[in-house]
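Engineer: This note's numbering applies: residue 7 is where the sequence shown begins, and numbers increase by one.
Glycine included, C-beta positions come from ideal geometry on N, C-alpha and C.
Computed from a predicted model, the values in this text were never measured in an experiment.
Here's a structure for you.
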Amino acid sequence: MANRILKADAALPEVGITRRAAQRIAAGVLWVFSNEVERCDADLPAVHLCRFTHGGRVAASGYFNRHSLIAGRVLARGAEPDLEALILKRLAEAFRRRSSMAPAGAVRLVFSEADLLPGLVVDLYPPHAVVQSNTAGMDLLVPVLLERLPGMIADVFGVRLQGLVLRCDADVRRLEAVELFNRVCRGEPEHLAAAALEEDGVRYAADLIDGQKTGFFLDQRENRRFLASRVAERAGARVLDLCCYSGGWGLRALAAGAGHVTFVDQSRKALDLLQRGLAANRVAPGRAEAVQQDLFDFLAADPATYDVVVADPPAFVKARRNLAPAAKAYQKLNRLAWRRLTPGGVLITCSCSQHLSAADFIALLSAAVAKEQGLAQVIYRGGQAEDHPLLLSMPETGYLKCVGLRRL
Ligand SMILES: C[S@@+](CC[C@H](N)C(=O)[O-])C[C@H]1O[C@@H](n2cnc3c(N)ncnc32)[C@H](O)[C@@H]1O
């Protein structure tokens, strides 16, 4: 057993919460907002494990951060005497749920609230793993997790970890008032920065220490399969991959038989990863072009048309108050992308903005196509891959929308 961070029988300090918060917890919500906290012990550290109580009853056990708007996160409803044992049990359950997913490929083993482990992400890139803690409260539990993880991954997936990276560098941590950092816990940094993964026979380069997300956009896995099916229908298709990062979409299109892919991203590091991916898949130079440019500048200047355009921009809506300007940016992007489609061509367009609903995204696309006086069929509606499930009681756990539009 790992060195314990708290005694199994030690009573957790109490945080008093409103009746409404207790009711929300009973309904499956795992967050307590700061304005729902009625009482906390000012002598305790700002971040600590706790019991959330109301009216003398324990509503939940979890952790508390006095500096965060989401002040409480629930690890278990009701009283849970041993949170360390609980998180290890949760981890084992999350792993077991993914045990049928190919161990040869990269897979998200833990997806935060959806796996009842708020603030924690664990991704497996065989033979390496990345642990991401996005909250100050989860940081308290990370030492236990790091100690037990290699053995558990070996047991469930048969993978002996060569590398293990702790990433505490996501921007959301700023909302928690904690430092941002990375740590290589096992393995050689140069190997982890030059990692590789394979998905459905396509090879990708990933930087597990400093790359975006934990190194790759695993959440688009099933949507990339849709792209492959469309490209396979059109021998030699010309494809535009906007905001390509390491080439998740475009490399997949080339493997499916695309004649040519134009990759666009403003980031030099992204295009370096792409070049490694092109080499790993032995793509002939004449089949791919990489452009380092702002996507709006590119679309304004590029006169070419494409059989398939993929638009996978960063989340334009960072906060609910930015919804209106962000919706305008999505609309502009999709209008410009639409103009680049050949008749019968397919636009695969995404939004990873949690604050933009699927219905609002479709409405926005409808308005964009109408403004272009076009007609489109919706031929695909996708979301997060199976290893990034949504918790039904917390719509906030859903963020990714992917829509396929055929130009009529
Ligand atoms: C959601 S990620 C794309 C993921 C990628 N399509 C994949 O499947 O791996 C967004 C990407 O957009 C790029 N980006 C952000 N703003 C951009 C802009 N204004 N113009 C071009 N690329 C941009 C980022 O560098 C990042 O690689």
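1) CB-CB under 7 Å to D47, same chain, minus the five flanking residues each way: which ones, in chain order?
2) Count the other C-beta atoms from every protein chain shown that fall within 10 angstroms of the C-beta of I385, then say buried if there are 16 or more, exposed otherwise.
3) Under a criterion of Cβ closer than 5 Å to any non-hydrogen atom of ligand 1, which residues qualify, in chain order?
4) By DSSP's criteria, E205 is part of a beta bridge. Which residues make up the other side?
5) Provide the residue span of the alpha helix (DSSP H) that contains R236, from first to last.
6) Can you name, in chain order, every residue of its own chain whose Cβ lies under 6 Å from the Cβ of S106, other than the five neighbours on each side?
7) Would you report the Cα separation of R173 and T220, rounded to the nearest angstrom?
8) Which two residues bound the contiguous beta strand (DSSP E) that contains S67?
9) Where do the ends of the beta strand (DSSP E) carrying S357 lie?
10) What are the start and end residues of the alpha helix (DSSP H) that includes E90?
11) Output the distance between the C-alpha atoms of G1 and R104, rounded to the nearest integer angstrom.
12) Just verifying my parser: in three-state terms, what is the DSSP assignment at H394?
13) Label P124 either buried or exposed according to how many other C-beta atoms from any shown protein chain fall within 10 Å of its C-beta, with 16 as the threshold for buried.
14) With 16 as the cutoff for other CB atoms within 10 Å, does A382 come out buried or exposed?
15) What does the Cβ neighbour count give for V178, buried or exposed, with the cut at 16 atoms within 10 Å?
16) Answer yes if the stretch 356–364 comes into contact with the stretch 321–335, meaning at least three C-beta pairs across the two stretches below 8 Å, and no otherwise.
17) Checking the sheet assignment: what are the DSSP bridge partners for Y251?
18) Answer yes if the stretch 271–290 comes into contact with the stretch 206–215, meaning at least three C-beta pairs across the two stretches below 8 Å, and no otherwise.
19) Applying the criterion that 16 or more other CB atoms from any shown protein chain within 10 Å of the CB defines a buried residue, is F187 buried or exposed?
20) Which one or two residues does DSSP pair with R57 in a beta bridge?
21) Considering only their Cβ atoms, is the gap separating D313 from R240 smaller than 8 Å?
22) I need the straight-line Cα distance from I23 to I368, nearest angstrom please.
23) Between which two residues does the beta strand (DSSP E) carrying G388 extend?
24) Kindly indicate the opening and closing residues of the beta strand (DSSP E) around A294.
25) Quick check on the burial criterion: 16 or more other C-beta atoms within 10 angstroms. Buried or exposed for K407?
26) Ordered along the chain, which non-local residues of its own chain (more than five positions away) have a Cβ less than 8 Å from that of A8?
27) Who pairs with H266 in a beta bridge, going by DSSP?
28) Comparing C-alpha positions only, which one of T355, Q138, L198, L97 sits nearest to V162?
29) Work out the CA separation of Q168 and L198 for me, nearest whole Å.
30) According to DSSP, is S139 part of a helix, a strand, or is it coil?
31) I need the straight-line Cα distance from E119 to N41, nearest angstrom please.
32) Between F70 and I31, which are expected to be in contact by the criterion C-beta below 8 Å, what is the C-beta distance as a whole number of angstroms?
33) Whole-angstrom Cβ separation of Y131 and A201, contact assumed at under 8 Å?
Structural biologist: Considering the structure as presented:
1) P19
2) exposed
3) F223, C249, Y251, G254, D271, Q272, S273, A276, D300, L301, D318, P320
4) V208
5) 227–239
6) none
7) 8 Å
8) 63–71
9) 347–357
10) 89–103
11) Since the first residue of the chain shown is 7 and the last is 414, residue 1 is not available in this structure.
12) coil
13) buried
14) buried
15) exposed
16) yes
17) Per DSSP, none; premise fails for Y251.
18) yes
19) exposed
20) E20, S67
21) yes
22) 38 Å
23) 382–388
24) 294–298
25) buried
26) With a pLDDT of only 46 at A8, under 50, the local geometry of the prediction cannot be trusted, and the value read off the model is given with reservation. E90, P149, V150, E153, R154, listed in sequence order.
27) R244
28) L97
29) 9 Å
30) strand
31) 21 Å
32) Actually they do not touch by this definition, with Cβ atoms about 14 Å apart.
33) 6 Å
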